[in-house]
Structures are given as structure tokens and as C-alpha cells.
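Step one of this worksheet: look at the structure below.
Number of protein chains: 2
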Amino acid sequence: MASALAAAREAALEGEVPVGAAITLEGQIVAVAANAPRRLHDPTAHAEMQVIRAAARLLARDRLEDCDLWVTLEPCAMCAGAIAHARIRRLYYGASDPKGGAVEYGPRFFSQPTCHHRPDVYGGIGAREAGDLLRDFFAARR
Amino acid sequence: MASALAAAREAALEGEVPVGAAITLEGQIVAVAANAPRRLHDPTAHAEMQVIRAAARLLARDRLEDCDLWVTLEPCAMCAGAIAHARIRRLYYGASDPKGGAVEYGPRFFSQPTCHHRPDVYGGIGAREAGDLLRDFFAARR
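Keeping their order, the protein sequence lines are chains A and B. Going by UniProt numbering, the letters in the first sequence line up with residues 1 to 142, in that order. Going by UniProt numbering, the letters in the second sequence line up with residues 1 to 142, in that order.
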């Protein structure tokens, strides 16, 4: 989660909403990525999407069933869907997101009968630091 | 929708689940893409994701509020989330997807309070041809 938080801090410096993610395999980091939709002109470029794409490319396969994903914010519906498609083993996330989250909030996607893979989910990991980064970012833009 | 169906047929020839998508702006096609997660080693590479990324890259912006998306199958949660993030104006889709859809089925994402943009939605466009393509594909693999 330290690497994901570092990526989130870098995103803030680029003017992007500060969210970062990492993927690990057997305890080793495979890929780290930050939220970057504005910089990349890509509305799908959330941190989770970027890190899943990077890890799948590096491992040359489209299923990451032995990988764990760490992200500083509760995933949205798009990212929760991608986590299920990628068959991620464990999901660790930081701050909860009542406005846009899809794990504890909104569609609670992993509890839907149309969700075909449910990772083990651990919320609240590094939540204070992840939440502070987001609050500071939005406070500075007001 | 004819272009999206053509892309779906090409996906089947590549051994990918046959789903295709197109994005139009003022009645002109901006981008066409097919489902390609296996070929690209990218679990996020559904047709809708590929076409949104291509159109955003071409238009050099991360919001496509003046664009319409055409896809041969009801979008899943990942793709419905991406459609909302991209601020797509109108969504036209073909076959319904009771097993994995997120528009009429499962999370019905565009009706969730955590969904921040709802396109106008038109289902059942070219549904018979889109559904036949999927049925033929899965029947041939059994």
C-alpha cells in the first residue's frame, strides 16, 4: 500500500485526483500505477485499470488469479468490474467512497449475481493517509 | 450498428467473444473496436472500453459528452462505469445480457445514486443479429 500511496501523491502533483494502485504476485510488486484520465485523455485510466493492464501485459495473460490488488480508494463500478474480469485474488483498499464506490456503496458489485468472480476484500488499509490526500487535493482546488 | 456488428464478426474470427462497438459524433463514425481481451492480454479490453479509449485519444479529451456509443451487447458493470465516466450522450445496444449485463440486469448501474452521468439508453438495436453471433460462437466452441 506504501507504493500505491506514493503513486497517489504523484497523481496529485500532475493535477489528477490522487488515487494510486499496485499489483503484487507472491509478495513482490508487479506493477504500480496512478489515476491519469486527464493527462492520458482516457476516461478509463483509473489507477486500478492502469495497474491491471500493466500487470496483464507484463505477465502476458488476461487473468491474474494469483495476483492481489492494492488501491488507495474504494473501487468504482468500472474498476470493480475490471477486478472481477481479471480474476484478482485479493483486493485491499484504503478510503471508502460513499459517492462513487461500488464495493461497500452503490451497486456493491461483488455481491451481484452477475458478478462472476469475487476477490477476498479488505477495506480500510491505509485509509487515513489515502483520505487525507484526497481531502487536501479537493480543498486546494476550491 | 452495422460497423459494430462487423467488428463483432471479426472478433469471432480471432477467437474472441463476438462483441463490437462504435462511437459516433454528429452522425460520423469516430472509432470502431472489437472485444479483444485474450489477444491483447488485457482483461479490460471489452469492445466498449477499446472504442471509448480510441475516441478519447483521437479527440484528445477525456470527456465525450457529444458522442454516442453503439455496442452489440448490453454493457457489463465495467463498461457501464466507463460510459458514465466518459459522459457518453446516448447508448445504443443490441442483445440483452441477463448473465453479465449491468444496464437492465444486475446492478442496473445507470439507476444507482453513485452513477454520476446517465446516457439516454436505447436497447434491442440489431439485437437478433448480435445475439445470433454470440450463440453461434458459443455453440461452435462446445
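All C-beta atoms in this analysis are idealised placements derived from N, C-alpha and C, irrespective of residue type, glycine included.
I'd like to know whether the C-beta of residue i is nearer than 8 Å to at least one C-beta of chain A.
i: B:GLY131; result: no
i: B:ARG61; result: yes
i: B:ASP42; result: yes
i: B:HIS117; result: no
i: B:PHE110; result: no
i: B:TYR105; result: yes
i: B:MET49; result: yes
i: B:THR72; result: no
i: B:GLY100; result: yes
i: B:ALA86; result: yes
i: B:THR24; result: no
Using a Cβ cut-off of 8 Å (strictly closer), state whether residue i contacts chain B.
i: A:TYR122; result: no
i: A:ILE52; result: yes
i: A:CYS76; result: yes
i: A:ALA82; result: yes
i: A:ARG38; result: yes
i: A:ARG57; result: yes
i: A:ALA34; result: no
i: A:PRO113; result: yes
Which partner residues of residue i appear in the DSSP bridge assignment?
i: A:THR24; result: A:ILE29 and A:ASP68
i: B:ARG89; result: Its beta-bridge partners do not exist; DSSP assigns none.
i: A:THR34; result: Thr is not the amino acid found at residue 34 of chain A; the sequence shown has Ala there. According to DSSP, A:ALA34 bridges with A:GLY20.
i: A:LEU73; result: A:ALA95
Leaving aside the five residues before and after residue i along the sequence, list all residues of the same chain whose C-beta is less than 6 Å from its C-beta, in chain order.
i: A:ASP97; result: LEU73 and GLU74
i: A:TYR92; result: TRP70, TYR122 and ILE125
i: B:VAL32; result: SER3, ALA7 and ALA22
i: A:THR24; result: ASP68
i: A:MET1; result: TRP70, ILE125 and GLY126
i: B:TYR105; result: PRO98
i: B:ARG9; result: none
i: A:HIS46; result: ASN35 and CYS79
Under the three-state reduction of DSSP, which class applies to residue i: helix, strand or coil?
i: B:GLY131; result: helix
i: A:GLY100; result: coil
i: A:ASP42; result: coil
i: B:ALA95; result: strand
i: B:ARG53; result: helix
i: B:ASP120; result: strand
i: B:GLU14; result: coil
i: B:GLY81; result: helix
i: A:ASP62; result: coil
i: A:ARG108; result: coil
i: B:ARG141; result: helix
Ordered along the chain, which non-local residues of its own chain (more than five positions away) have a Cβ less than 7 Å from that of residue i?
i: B:ALA82; result: GLU48, MET49 and ILE52
i: B:ARG87; result: ARG63, LEU64, GLU65 and HIS117
i: B:ILE29; result: SER3 and ALA22
i: A:ALA54; result: ALA31 and ALA33
i: A:LEU58; result: VAL30 and ALA31
In chain order, what residues of the same chain have a beta carbon less than 8 Å from the beta carbon of residue i, not counting five sequence neighbours either side?
i: B:PHE110; result: ALA80, ALA84, VAL103, ARG118, PRO119 and VAL121
i: A:LEU5; result: GLY20, THR72, GLY94, GLY126, GLU129, ALA130 and LEU133
i: A:PHE137; result: ALA12, VAL17 and PRO18
i: B:ARG108; result: ALA102
Subject >> the stretch 37-57 of chain B contacting the stretch 13-24 of chain B, beta-carbon criterion three pairs below 8 Å >> reply: Verdict: yes, contact present.
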